[in-house]
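J.: Take 236 as the starting number for the sequence shown in the numbering used here and just add one per residue.
All C-beta atoms in this analysis are idealised placements derived from N, C-alpha and C, irrespective of residue type, glycine included.
Quantities reported herein were computed from a predicted structural model and do not represent experimental measurements.
Got a structure for you, questions after.
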Amino acid sequence: MTVPELAPRRTFGGVIAVWVVAALVGVSIGLFVPEAWRAAWLTVGLGGCLVLAFAIQLWFGRSQGFTERVAASVLGALLVMGVISLGFGLSSIVPG
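This is the structure we're talking about:
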């Protein structure tokens, strides 16, 4: 008698987790970092999201689709942080 394969864990939650962390990092950088240093710190934050994406996807332990999941995590983090930085950039232009 053979033992059935266990159902693999869902991996989409790991991708979403990186996006949520990117949003939190982007908002934190926008609020607490001076305007002159925001671009540099957003780059550091995106690098941290890349490391987090690797760690989460390695923790899942599935090799199938690893590159695609990491790419989706980092691309989503880039888009999330880009939209947030666009919002902070536009808010600095508007007088008031």
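Secondary structure at V315, three-state DSSP: helix, strand or coil?
T.: Of the three classes helix, strand and coil, the one that applies to V315 here is helix, per DSSP.
J.: Can you give me the Cβ contacts of L325 inside the same chain, cut-off strictly under 7 Å, excluding the 5 residues immediately before and after it?
T.: Hits under 7 Å: none found.
J.: Under 8 Å by Cβ, that's how I've got V315 and G261 pegged, so tell me the actual separation to the nearest angstrom.
T.: Rounded, the Cβ-Cβ distance is 6 Å, consistent with contact.
J.: For Q299, count neighbouring Cβ atoms within 10 angstroms of its own Cβ and tell me buried if that reaches 16, exposed if not.
T.: Exposed, by the Cβ-count rule.
J.: For the alpha helix (DSSP H) that W294 lies in, which residues bound it at each end?
T.: Counting along the chain, the alpha helix (DSSP H) containing W294 begins and ends at R273 to F295.
J.: Rounded to a whole number of angstroms, what is the C-alpha to C-alpha distance between T302 and G311?
T.: Answer to the nearest angstrom: the Cα atoms are 14 Å apart.
J.: Return yes when the Cβ of W276 is within less than 8 Å of the Cβ of I264, no when it is not.
T.: Yes; because the gap between Cβ atoms is below 8 Å, this pair is in contact.
J.: Please say whether F289 and V305 have beta carbons closer to each other than 8 Å?
T.: Yes; because the gap between Cβ atoms is below 8 Å, this pair is in contact.
J.: Could you check the C-alpha separation between W294 and R245 for me, to the nearest Å?
T.: Rounded to the nearest angstrom, the two C-alpha atoms are 12 Å apart.
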